[in-house]
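Residue 127 in this note's numbering is what sits at position 127 of the sequence shown, and the numbering runs on without skipping anything. Virtual Cβ for every residue (Gly too), placed ideally from N, Cα, C.
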Amino acid sequence: MYVADLTQHGPIKSVGYLAQGHDYSRGEVPEQVFDRLITLVKAHIKLHILHYMGYHSCDLEPCGSNQPQPELLYHGQVIPRTCRSDLVVPDKGVIYMAPSLIMHYIRRHHYLPPVCFLEAVINCPEPGSQEYLALVEKVWPSPVPFW
1 MYVADLTQHG PIKSVGYLAQ GHDYSRGEVP EQVFDRLITL VKAHIKLHIL HYMGYHSCDL
61 EPCGSNQPQP ELLYHGQVIP RTCRSDLVVP DKGVIYMAPS LIMHYIRRHH YLPPVCFLEA
121 VINCPEPGSQ EYLALVEKVW PSPVPFW
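As structure tokens, then:
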């Protein structure tokens, strides 16, 4: 499901919903940001935060070619080409939503998310913490219960 980065009206913004046939920013994500992103994705999956947004599978070339692809590893962990969960990153009156697949897009396809998202990832409190919940509730007072 393709959604252009940051194009939604209102305080909830999508990031990293890439699809074949659509351009995206390319570049390098600093290791510190990628490490934090992995920590946030793992926490979201463990806490079952937004585990209902649908199934995402990479269809970018060469992944979408149905040809076997090498596994991507980061510090001994496999970075999958599919996911069933989404990431919620609150920041200063905005909530960024991204598929967990964003890690694959960054490593395999050199996707460079918007700087505002990368900064929010670095500054995001631990998912499920009181600080995290308070930031989410400021923007999204009645979310579908996902915690």
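Would DSSP call residue i helix, strand or coil?
i: Thr-7; result: coil
i: Met-103; result: helix
i: Asp-86; result: strand
i: Leu-72; result: strand
i: His-22; result: coil
i: Val-15; result: coil
i: Val-41; result: helix
i: Val-29; result: coil
i: Asp-91; result: strand
Thinking C-beta only, is residue j closer than 7 Å to residue i?
i: Val-94; j: Pro-30; result: no
i: Ile-106; j: Arg-36; result: no
i: Leu-112; j: Gly-27; result: yes
Residue i to residue j, Cα distance in whole Å?
i: Leu-148; j: Arg-108; result: As shown, the chain starts at 1 and ends at 147. That puts residue 148 outside it, with no answer to give.
i: Asp-5; j: Gly-16; result: 7 Å
i: Thr-82; j: His-9; result: 28 Å
i: Val-41; j: Asp-23; result: 24 Å
i: Pro-125; j: Glu-131; result: 6 Å
i: His-51; j: Val-88; result: Because the pLDDT at His-51 is just 44, under 50, the model does not fix this residue reliably, and the value given afterwards should be weighed accordingly. Going by the C-alpha atoms only, they are around 11 Å apart.
i: Ser-25; j: Asn-66; result: 24 Å
i: Val-155; j: Lys-13; result: Residue 155 lies beyond the range of the chain shown here (1 to 147); nothing can be said about it.
i: Gly-151; j: Tyr-2; result: Given that the chain is displayed from residue 1 to residue 147, the structure contains no residue 151 and the question cannot be resolved.
i: Ala-98; j: Gly-76; result: 23 Å
i: Gly-21; j: Glu-61; result: 10 Å
i: Val-39; j: Arg-84; result: Reading off the sequence, residue 39 comes out as Thr, not Val. Rounded to the nearest angstrom, the two C-alpha atoms are 17 Å apart.
i: Glu-71; j: Ser-57; result: 15 Å
Under 8 Å by Cβ, that's how I've got residue i and residue j pegged, so tell me the actual separation to the nearest angstrom.
i: His-104; j: Pro-80; result: 7 Å
i: Val-139; j: Pro-90; result: 6 Å
i: Asp-59; j: Ala-120; result: Wrong, their Cβ atoms sit about 26 Å apart, outside the cutoff.
Of all the CB atoms in chain C, is at least one closer than 7 Å to the CB of residue i?
i: Arg-107; result: Looking for chain C here will not work: only one protein chain is present.
Jot down the residue ranges of each uninterrupted alpha helix (DSSP H) in the segment 100–140, minimum 4 residues, whole runs only, in chain order.
-> 102–109, 115–123, 130–139
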